[in-house]
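For the sequence shown, the residue numbers in my numbering are 961 to 1220. One structure is given below, encoded as structure tokens.
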Amino acid sequence: MSYKNVLSKNQNGITTITINRPKKLNALNRETIQELHDAFNEADADSNSKVIIITGSGEKAFVAGADISEFAHFDVKEGAKLAAKGQKLLFDFIENLTTPVIAAINGFALGGGLELAMACHFRVASTNARMGLPETSLGVIPGYGGTQRLPQLVGKGRAMEMIMTAGMIDANQALSYGLVNHIVSQEELLPRCETIAEKIMKNSSVAIGKAIKAINANYKEGKDGYKTEIKQFGKCFGTEDFIEGTTAFLEKRKADFPGR
Ligand code: COA
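Listed below in structure tokens is the structure:
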């Protein structure tokens, strides 16, 4: 499928999704959120797509936030609807995908941009990246899960300070906070993400999908993560990947996982 504001290409098992509105610093308007949903959905359904990398086009921004021009005139009802729809369509959707998703943060990741990166399974930043949740400077609070995922990733006190000050942190601070896993030069950003993706692809995609479910259960209200882990662990024993993985080990050869 082709999109207006999103590019998607699959190469050697890795789907790279690029948000492509560089003149607006890749700000997320309604159309882009829908297209991203469709692109992620398409990649997740494709058995040749083992890892998804998401990044922003241009050298300046990953995503500079939700498109302010679209919601500046909204009332209470419309505001709540905007938050609920985006959360369901894109942010929760990405978090719950069983295909691993890496955010390659290539510049500003602000508001909805940082929220998008935080919905991904983990993050790698370039040295020029700047991250923040500036929503309180606009008279609103972070939406799309921002008030929930930021404290999960960096701790409550740091999240409180970032949200109250509406300030930006640089890549080094984000690394020390545990918000990103690695920092590399801008040129090295996608190659580094691809190297990590290649390591992931050597393992069982079926087991990885179940591990994502178990890890996410720890952060879901009303879910007992330990119970989810037991269930997903047990399910692995009924998969071809498990037979191949354990047989390959015992036969002292590399596993060749059939996958999903
Ligand atoms: N929504 C809509 N448009 C946005 C945007 C957003 N979140 N962020 C940037 N843009 C647009 C600008 O309006 C500008 O468009 P124009 O050229 O038609 O006027 C274009 O992108 C370039 O941005 P500009 O502000 O000129 O770049 P800059 O280098 O001076 O500043 C930022 C960069 C990121 C500091 C600044 O764009 C900014 O503060 N953006 C908003 C961040 C924010 O509050 N995000 C949270 C939204 S909930």
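Just so it is clear, CB atoms sit at the ideal spot from N, CA and C, and this is done for glycine as well. Computed from a predicted structure; not experimentally measured.
For Ala1177, there is no enclosing beta strand (DSSP E); the enclosing alpha helix (DSSP H) covers residues Ser1165 to Ala1177. Annotation: the continuous beta strand (DSSP E) that includes Arg1090 extends over Arg1090 to Gly1092. Distance from the Cα of Phe1053 is smallest, within the candidate group Lys1183, Lys1159, Lys1173 and Arg1090, for Lys1173.
For Gly1072, the Cβ falls inside the 8 Å cut-off from some heavy atom of the ligand COA. Closest option to Thr1087, judged by alpha-carbon separation, among Met1120, Ala1134 and Pro1094: Ala1134.
The Cβ atoms of Gly973 and Val1011 lie closer than 9 Å to each other. Ranking Phe1000, Ala1077 and Tyr963 by CA distance to the CA of Leu1049 puts Phe1000 first. Residue pairing for Leu967: DSSP places it in a beta bridge opposite Thr978.
Annotation: the continuous alpha helix (DSSP H) that includes Asp998 extends over Arg990 to Ala1005. One thing to note: Ala1043 has its Cβ within 9 Å of the Cβ of Gly1103. The Cβ neighbour count for Val1084, taken over all protein chains shown within 10 Å, is at least 16; the residue is labelled buried. DSSP, reduced to helix, strand and coil, places Ile1014 within a strand of the structure shown. Ala1026 sits in a strand when the DSSP states are folded into three classes.
Annotation: the continuous beta strand (DSSP E) that includes Asp1130 extends over Met1128 to Asp1130. For Ser1097, the distance from the CB to the nearest heavy atom of the ligand COA is below 8 Å. The ligand COA has no heavy atom closer than 8 Å to the beta-carbon of Asp1130. In the structure shown, Ala1085 falls within a strand segment according to DSSP collapsed to helix, strand and coil.
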